[in-house]
């Protein structure tokens, strides 16, 4: 609320007329905004304005004066104003107005001159408000109100008029709770909507809370008596906050006992371990790794998909000791439903090609780099989506162990994702196609993924690519022999 | 060990609490005491999050300290161990298997309940959960992750979660932990392989660094792919004063860790006397000021454009002076580069002036575009003018002889012992 009175004929500090701007008590940001706009528009200098606050009756406000146009201000100024308005210093509005006056009269970049006495003072006020807000967010303690429904109340005494500015933090944090914050100046209440009300009283908050003793236990136990440093504690947690923080009741006793406790720890000779030396448990601990493909598969099977959606993990298939292993990309729609690798359209094409190349599918080991299906929904269809490099790395550990257990002579990487999983590098297939080195005990071979053949638009190209693919498989078969 | 696993069921039913019973309070005392030697307390670095419509919790980016204990340390997260039973026997650790301290073990449910109930009362920013190694590294890691997962899934908890990762656990367990945690950390504890072998026989330096590498790589990938994996990064802790490693070696090691594994923070923890200490360590008071100097040197590298060589240059025989900070020590050794003109010098050189913080330097650079700075102006831009004066030139000020005075060091040194009355 702002009310600008008529100019007085003479003023004590200025030869010209004195304007009185009256704002509501506390942090009256809208009132200041309206007043400042009108004063600037009227060209009233800062030393001709007296800022005062007064509680206005809710209904007594006279016909609101017409708004002057908004002021175009640098961002640094508009950010500063709401952080200074809650300050308890009665000069706050006058100082802010002096800033606006200078900024709108040629000193646009004034905020950059942090060494200017006015800017310096406003910066310090902003810092004080920032600190007050931070301490309120940190040191306020809720107590649960006894009763069946879950409700919390807190009492807090901020230094400045910050309740409105502080409340959104608690809304963001305790959205699913019902709570009230009471201060000597006003109160805030949340039950799905935020309301501000009249001042509260300390007595309106319950005497205690079922978790306060436990919290104090925690506070006492987390203190290290060998590092007593009271200055550091008091600098960050000034005494004025202590009376509303239940844990601080423990401080005097902790401080008194600290010296003796630390000395006792230093002086006490180390004791000999009186308990067992758990030799067998320590030995067992070292053999914790999955020791068979079944054990590893059990871990993979109960894992959750990295990207939510898949029905199940699709495990590798084929005999341990297979001479040749094929690594694909990730399960598709059919694989995800059936829980088996290479059973969809690409898998069927692979089966046909294997047969033509003279490889018995049941004697080879087939698996995927990524163990879960990833897709985007288009209507009712689940459209396969290529795994990212991060997802491939996430699953890489399992693939490595799996192939260690199978111990094939040759591993065939089908497509770029398999190559990435086996080498850790992005390599274009066209360049790397053929025998390869994966830095593992088994030999490597790189070729395309059968789904690539399915995607080729032109039948002739498809047929030619299929022939080359079968040739690749034959070469791989020879290498694995 | 075996007795305990039989006695306490980790899958006990959901507790519905109005208040804490004495049994739970006792566990909390033991397992908070056992966790306090980990210096990390930060709840910072997570992306800003708000509670969902039906959820609880938020993160602010900068983190909040909800209380301070009389050791001056911040209480931000509920820092506890899942259990302090441990199969490892690290000499510096209060929880090593050969120590005779009281033991306890939380169930997953109990940790979840304590976190949620403390959080609702605005005591904490979230949870920092670590554990002794029980049964096996994999089993332990699975339990830690289970707590985080339950908080996120069943309680819609969006507060901060820091999980200690166990480097000896299988790599896929770290992959999973990163999905629920805001920060992962692996404590290096001892900066050299030799010290690890001598003082922490079950730990494996190579495993530690490879797990750090895995976490670092995954954090970078997830950021690129806009997925969630330990968004507040990873940190580590080294113990100061438990072995003979010099300050210079520690700082060089940190620089390497920051560079190689994309670490957010290295914490330096002055070796602290612990109840029932091992005879492998000399009993001694913790070198708190040494720890402080290491943090200052660490900041010079991260925020003040100092190279590890510059920082090494500030040390004598590899150790930082205790009576002056490493930035001042460097300036005193390089007096020929001073005084620095606040109206002309580039940022790099301004950052080298003792007493000028990184923020003050920013403010100087901005302000001097609009007029030449006098000493009074500088005084409004920094709270460290007393230390900066001998090293700078302003429009109306020049420290004619100050920079060359031999007693400059004595004038600027801090008293040897800070007295503190209560």
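Residue numbers (full-length UniProt numbering), protein chains in the order written: chain A, 1 to 481; chain B, 1 to 422. For each residue, glycine too, the CB sits at the ideal point set by N, CA and C.
The straight-line gap separating the alpha-carbon atoms of residue 415 of chain A and residue 466 of chain A is approximately 14 Å. Along the UniProt domain "Uracil-DNA glycosylase-like" (315 to 474) of chain A, going in chain order, the ones with a CB nearer than 7 Å to a CB of chain B are 388, 389, 390, 393, 394, 397 and 398. Collapsing the DSSP output to three states places residue 469 of chain A in a helix. Using a Cβ distance threshold of 7 Å, residue 105 of chain B and residue 140 of chain B do not count as a contacting pair. Within the stretch 227 to 276 of chain B, the runs of beta strand (DSSP E) at least 3 residues long that lie entirely inside it are, in chain order, 234 to 240 and 265 to 270. Per DSSP, reduced to three states, the secondary structure at residue 393 of chain A is helical. Within the stretch 121 to 164 of chain A, the beta strand (DSSP E) runs of at least 3 residues that lie entirely inside it are, in chain order, 151 to 155.
Straight across, the Cα-Cα distance linking residue 206 of chain B with residue 144 of chain A is about 49 Å. A distance below 7 Å between beta-carbons, with the five flanking residues on each side excluded, links residue 62 of chain B to the following residues of its chain, in chain order: 44. The alpha carbon of residue 99 of chain A has as its nearest neighbour, out of A:39, A:460, A:172 and A:253, the alpha carbon of A:39. Neighbours of residue 47 of chain B across chain A, judged by C-beta separation under 8 Å, do not exist; the nearest C-beta is about 13 Å away.
C-alpha of residue 74 of chain B to C-alpha of residue 140 of chain A: approximately 16 Å in a straight line. Between the alpha carbons of residue 427 of chain A and residue 419 of chain A lies a distance of about 7 Å.
Close to residue 177 of chain A, with beta-carbon spacing below 8 Å, are these residues of chain B in chain order: 56 and 120. Assignment of alpha helix (DSSP H) within the stretch 148 to 213 of chain B, counting only whole runs of 4 or more residues, yields 171 to 180 and 193 to 199 in chain order.
Across the stretch 134 to 148 of chain A, CB contacts with chain B closer than 8 Å involve 134, 137, 138, 139, 140, 141, 142, 143 and 144, in sequence order along the chain. For the options B:269, B:151 and B:161, the alpha carbon positioned closest to that of residue 46 of chain B is the one of B:161. Ranking B:391, B:202 and B:72 by CA distance to the CA of residue 284 of chain A puts B:202 first.
Judged by DSSP secondary structure, residue 38 of chain A falls outside any beta strand (DSSP E) and instead within the alpha helix (DSSP H) spanning 29 to 41. The beta carbon of residue 287 of chain B sits no closer than 7 Å to any beta carbon of chain A.
Residues of chain B with a Cβ closer than 7 Å to the Cβ of residue 173 of chain A are, in chain order, 51, 57 and 58. Between the alpha carbons of residue 115 of chain A and residue 390 of chain B lies a distance of about 20 Å. In the DSSP assignment, residue 381 of chain A falls within the beta strand (DSSP E) that extends over 381 to 384.
In the structure shown, the three-state DSSP call for residue 406 of chain A is helix. With a threshold of 7 Å between beta carbons, residue 366 of chain B makes contact with chain A.
Your pair residue 209 of chain A and residue 121 of chain B checks out as a contact, with CB atoms roughly 6 Å apart and the cut at 8 Å. In the DSSP annotation of this structure, the continuous segment of the alpha helix (DSSP H) that includes residue 215 of chain A starts and ends at 212 to 222. When CB distances to chain B are screened at a threshold of 9 Å, the residues of the stretch 193 to 212 of chain A falling below it are 209, 210, 211 and 212, in chain order. Residue 259 of chain A carries a helical assignment under DSSP once its states are collapsed to helix, strand and coil. Taking C-beta separations shorter than 7 Å and ignoring five residues to either side along the sequence, residue 112 of chain A has no partners in its chain. Contacts with chain A at 7 Å (Cβ-Cβ) do not include residue 251 of chain B.
Chain A places a beta carbon closer than 7 Å to that of residue 25 of chain B, counting this residue as a contact.
Chain-order list of chain B residues neighbouring residue 51 of chain A: empty, with the shortest C-beta distance near 25 Å, by a criterion of under 7 Å. By the Cβ rule, the stretch 293 to 305 of chain A does not count as touching the stretch 346 to 362 of chain A, because fewer than three pairs are nearer than 8 Å. Here residue 101 of chain B carries a coil assignment [DSSP, helix/strand/coil]. Rounded to whole angstroms, residue 290 of chain B and residue 315 of chain B show a C-alpha spacing of 12 Å.
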